[in-house]
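A short worksheet on the structure shown next.
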Amino acid sequence: MHEIYNLVTGPLAWLAWGIFIVGSIYRLAIMYILAKKKDGPSLAYMSWGFSLRSIINWLIPFNALGWRRNPVMTVATFAFHICLVLAPIFLLAHVALWDQFFGVEYPVFRENVTDIMSMIVVAGALIFAGRRLFQKEVRYVTTCQDWLILVIAVLPFLTGILAYHQIFNYQTMVILHILTGEIMLAAIPFTRLSHMLFAVFTRAYMGSEFGGVRRVKDW
Amino acid sequence: MGIQDRLIEDVGLREGVKRLTEDKIEKVVQAVLKGETGARLAAYNEICMRCGLCSEACHFYLSHDGDPSYSPVGKVQQTMAVLLKKKGRVSPDFIYGMAQIAYTECNLCRRCVHFCPVGIDTGYIMSTVRRICHKLGVTPQYIQDTAHSHSATFNQMWVKDDEWTDTLQWQEDEARDEFPSLRIPLDKEGADIYYSVIAPEPKFRTQLIYQAAAIMTAAGVDWTMPSEPGWDNSDMCMFTGDFEMMGRLKRRHFESAQKLKVKRIVMGECGHAFRSVYDMGNRWVAWKMYPVPVIHSIEFFWELMKQGKIKLAKKYPGPVTVHDPCNVVRGRGHHEKLRELVRFLIDGDIVEMASNREHAICCTAGGGVINCGPPFKNVRLAGSKAKAEELKATGVKTIVAPCHNCHGGLEDTVHRYKLGMDIKFLGDIIYECMEKPS
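Below, the structure written as structure tokens:
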């Protein structure tokens, strides 16, 4: 058990972070080169002001027409994403690891807060899964890839909650938690989770087109 | 559920598909995907989360009781997603369905943009599908005929060169009974305004040219129209996917204006032509901005109103509702100018539809859908049920719609759903209400 723990917190952690960081830079660079080569008529209209205008307006819950028409999804998606990003960064146990391995220290959330945030992530994922199963316009377009990334995204949080509450075998759960977290990191550049990398650019582009060319809001 | 359950016979699609083999299809799809698309399509395909939020944006989806195969992402799922997944190796039968979706079940109105958190442009994806269909030679017969006309005559309706000037002279002659000093000045160098129209105007909506001439005369505008090809600003080639021809049309249009050294082009009340000029055609010929300033009639009439050049003898009886054409409102933000102008022209209120301004629901005719002709009329009108319900809820008798395609579509919708409403161009109302020489 100890060897496995050392493996997942040692070489595998380096590997996962390596794939995540190098892979992300690689994907972004390749996409940028492709855009420069083939998407001149789109890139020409990119604008900082209209990009930010669009990004900010879409980050306000219930501001865009699409958000207003889908209140459940709006609440679920905002809560899910905020918790998914912030909980791991400010979790006490994670910060303790940063300190242990690299001597990096920064403020943390209280443990019961991160616990609830993790549960929100799982709840959000259940809502997404429910939509994929029971809402016909979502079921019609759902592919294996969509299920895959949902599972990849929810497993680290599920195992994290189980480990924190010491349900099942604690050590096994911690190892599974670390492993699934690493799988998620490594999967970001190469699955649909890459929307984490690219969505800001597609949003910015749409904002630039609607602001600069069409002179109208895109939310 | 899906396109294969609702195929409609069209001779253009059928004959086109007969000439295809899987090898041929693969070659063409690859040529377009590798040659003409890049990061934009790749990113859209990769990061569409299949959340389905765009569904409620689409009037086809709303009008078909939530049939998911009509949602924007549902349509992408049945077309581009398959092409990308199979790298273009699909059957000719698949191409038939794909063409029917792209040409007749999407108006390229881009309402779904307001619903997509990650900013995917389904209109662009559908345009690219049409581009592939065009290169495969699989296009609906009726719209292809207008594209052929563009290629042969530089106008959409097979109007011959002598018929064009003859029509203008005829309208000038008619109008001089009412406005003795009226002229339709041809090829006047250095005029302030170059007025361009779409070919259906000389072909069967000649009163629009009459009205425009009357308004120009009454407002004392220094204007001209060209006697040679270039006068038609419309662009069905943009909608069939014949982008080479789209580029030639725009070049001809602008060069015609440049030749006359005019200060600005004013376009009639057309939506798609405006899209072609400011958004698509200019890009194809690598102009970031158009070489001669172009304004739409909404803006032009609004300017005349602001300058006090439209003098009304009476106001048009309201209340009215305003339909926002996608290509000039969602495409150019003219909704407030349109409303200011309408308030100036009418006696009464504007009763807004539930979806209005940049969020307006499409007329279901645009994007070349109405131009696909009679085989697809019923499906088009089934798709406009959502629009009809919003129109009916306003309870008014008049719709103001500053776009030819919207007019055609709304006329059919009003008739099919027994709404009993009149549809007016801005020019109709200005002409009817303006001061005329007694």
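Just so you know, the sequences run in chain order V and P. The opening residue of the first sequence carries number 1 in my numbering; numbering runs sequentially from there. The opening residue of the second sequence carries number 1001 in my numbering; numbering runs sequentially from there. All C-beta atoms, glycine included, are put in the ideal place defined by N, C-alpha and C.
- Judged by DSSP in its simplified three-state form, Thr1321/P adopts strand.
- When CB distances to chain V are screened at a threshold of 8 angstroms, the residues of the stretch 1109-1120 of chain P falling below it are Val1113, His1114, Phe1115, Cys1116, Pro1117, Val1118, Gly1119 and Ile1120, in chain order.
- Taking a C-beta distance under 8 angstroms as the contact criterion, Val1396/P and Val1320/P qualify as a contact pair.
- Residue burial annotation: Ala204/V is buried, with at least 16 other C-beta atoms found within 10 angstroms of its C-beta.
- Ile89/V has its alpha-carbon roughly 10 angstroms from the corresponding atom of Trp98/V.
- C-alpha of Glu111/V to C-alpha of Leu158/V: approximately 15 angstroms in a straight line.
- Exposed is the label assigned to Asn1378/P, since fewer than 16 other Cβ atoms lie within 10 Å of its Cβ.
- Contact with chain P is absent for Ala79/V, since none of that chain's Cβ atoms lies less than 8 angstroms from the residue's Cβ.
- Shown here, Tyr106/V sits in coil according to DSSP, grouped into three states, outside any helix or strand.
- The beta carbon of Gly1220/P lies closer than 8 angstroms to those of Lys1309 in the same chain, with the five residues before and after it left out.
- Taking 8 angstroms as the cut-off, the Cβ atoms of Met173/V and Gly1119/P do not count as close.
- Of the residues Pro1072/P, Arg1050/P and Arg1176/P, the one whose Cα lies closest to the Cα of Leu133/V is Arg1050/P.
- Against chain P, the CB of Leu34/V has a partner CB under 8 angstroms away; the residue lies at that interface.
- Going by beta carbons, Glu1432/P and Arg69/V fall outside the 8 angstroms limit.
- Residue environment analysis places Tyr106/V among the exposed positions, since fewer than 16 neighbouring C-beta atoms fall within 10 angstroms of its C-beta.
- Using a Cβ-Cβ cut-off of 7 angstroms, Pro41/V is close to Arg1283 of chain P, given in chain order.
- Using beta-carbon distances, Ile1047/P counts as an interface residue toward chain V, with a partner under 8 angstroms.
- In this structure, Pro1140/P sits away from Leu1020/P, with a CB-CB distance that is not shorter than 8 angstroms.
- In this structure, Cys1237/P sits near Ala1147/P, with a CB-CB distance shorter than 8 angstroms.
- Residues of chain P whose Cβ lies closer than 9 angstroms to the Cβ of Thr172/V do not exist; the shortest such Cβ separation is about 32 angstroms.
- Between Ala79/V and Ile120/V a beta carbon distance of about 5 angstroms is seen, short of the 8 angstroms cut, so the two are scored as contacting.
- Along the stretch 75-119 of chain V, the alpha helix (DSSP H) occurs as fully enclosed runs of 4 or more residues at 92-102, listed in sequence order.
- Close CB contacts of Cys83/V within its chain, under the 8 angstroms cut and outside five residues either way in sequence, are with Met117, Ser118, Ile120, Val121 and Gly124 (chain order).
- By the CB criterion at 8 angstroms, Gly1088/P and Gln1030/P fall inside the cutoff.
- Annotation: Cys1326/P to Val1266/P spans about 18 angstroms, alpha carbon to alpha carbon.
- Excluding its 5 nearest sequence neighbours in each direction, Gln145/V has C-beta neighbours in its own chain below 8 angstroms: Thr191 and Arg192, listed in chain order.
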